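Under the working numbering, the sequence shown has 77 at position 46, and the numbering climbs by one with no breaks. Heads up: the structure comes next, in structure tokens.
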Amino acid sequence: MTAPTATPPVGSTAIPSQRQQFLDVLKKEHETTRKVVEAYPADQSEFKPHPRSKAARDLAWTFAVEEALILKALTNSLNVGGGLPKAPDSWNDVVAAFKQNHAGVIDALESARDDDVFGTVKFFTGPGAIGDVPKMDFLYFILSDQIHHRGQMTVYLRMAGGKVPSIYGPSADEPWF
Numbered sequence: 032m033t034a035p036t037a038t039p040p041v042g043s044t045a046i047p048s049q050r051q052q053f054l055d056v057l058k059k060e061h062e063t064t065r066k067v068v069e070a071y072p073a074d075q076s077e078f079k080p081h082p083r084s085k086a087a088r089d090l091a092w093t094f095a096v097e098e099a100l101i102l103k104a105l106t107n108s109l110n111v112g113g114g115l116p117k118a119p120d121s122w123n124d125v126v127a128a129f130k131q132n133h134a135g136v137i138d139a140l141e142s143a144r145d146d147d148v149f150g151t152v153k154f155f156t157g158p159g160a161i162g163d164v165p166k167m168d169f170l171y172f173i174l175s176d177q178i179h180h181r182g183q184m185t186v187y188l189r190m191a192g193g194k195v196p197s198i199y200g201p202s203a204d205e206p207w208f
């Protein structure tokens, strides 16, 4: 029996670390979300498809806040108490914050050590409950939530008269052939 080695056999591919895997997925998904946000007509930022729905500006603000939450988790400064910051009044300020916060997350992830994504963060574990959540679970939860809200944003985009870009495949507005 051969002892395991740290070096992958010739011809095989090393499996990226969990940090690198998350970074790769986040970059890819961000580009898609960015396309959706940039396609949204800024003059329709207060559009709501239903009285109980958020305005488009507030929905897009979710992306900026979630990027900030990822950065706080990475820097061990996440505090779920105290509520979330209010969205800026301007669509352009919301979009700029989203891009700026994402750039900060990418910088943090690229300069982090692989084990910086281990450990736990305090986060919601159920209605009215806060507990320890593995940091990687938290990072993927936030990314999944962002993808969910991106889907909502495409509905707003279509209803506001914008063109929905390709996301995971062609759209009616961006066919592939």
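Think of the CB as a built atom: it goes at the ideal place given N, C-alpha and C, for glycine as much as any other residue. A quick note: this is a predicted structure, and the numbers were derived from the prediction, not measured.
query: For Val125, the first and last residue of its enclosing alpha helix (DSSP H); result: Trp122 to Ser142
query: Neighbour flag for Arg83 against chain B, beta carbons, 7 Å; result: As a matter of chain content, chain B is missing from the structure shown, which is built from one protein chain.
query: Three-state class that DSSP yields for Lys12 in the structure shown; result: Given a span of 32 to 208 for the chain in the structure shown, any question on residue 12 remains unanswerable.
query: Residues that Val164 bridges to, as DSSP identifies them; result: Val152
query: Cβ neighbour criterion (16 or more within 10 Å) applied to Gln177; result: buried
query: Helix, strand or coil at Ser175 [DSSP, three-state]; result: helix
query: Distance, Gly159 Cα to Pro206 Cα; result: 44 Å
query: Helix, strand or coil at Trp207 [DSSP, three-state]; result: coil
query: C-beta atoms of Phe94 and Phe129 nearer than 7 Å; result: yes
query: Neighbourhood of Phe169 by C-beta, 6 Å cutoff - its chain only, sequence neighbours within 5 removed; result: Ala104, Val152 and Phe154
query: Three-state class that DSSP yields for Gly182 in the structure shown; result: helix
query: Inter-residue spacing [alpha-carbon to alpha-carbon] between Pro165 and Ala87; result: 31 Å
query: Range covered by the alpha helix (DSSP H) that runs through Phe78; result: Premise fails: Phe78 is in no alpha helix (DSSP H) and is neither H nor E.
query: Proximity to Asn123 [Cα-Cα], best of Lys194, Ser76 and Gly135; result: Ser76
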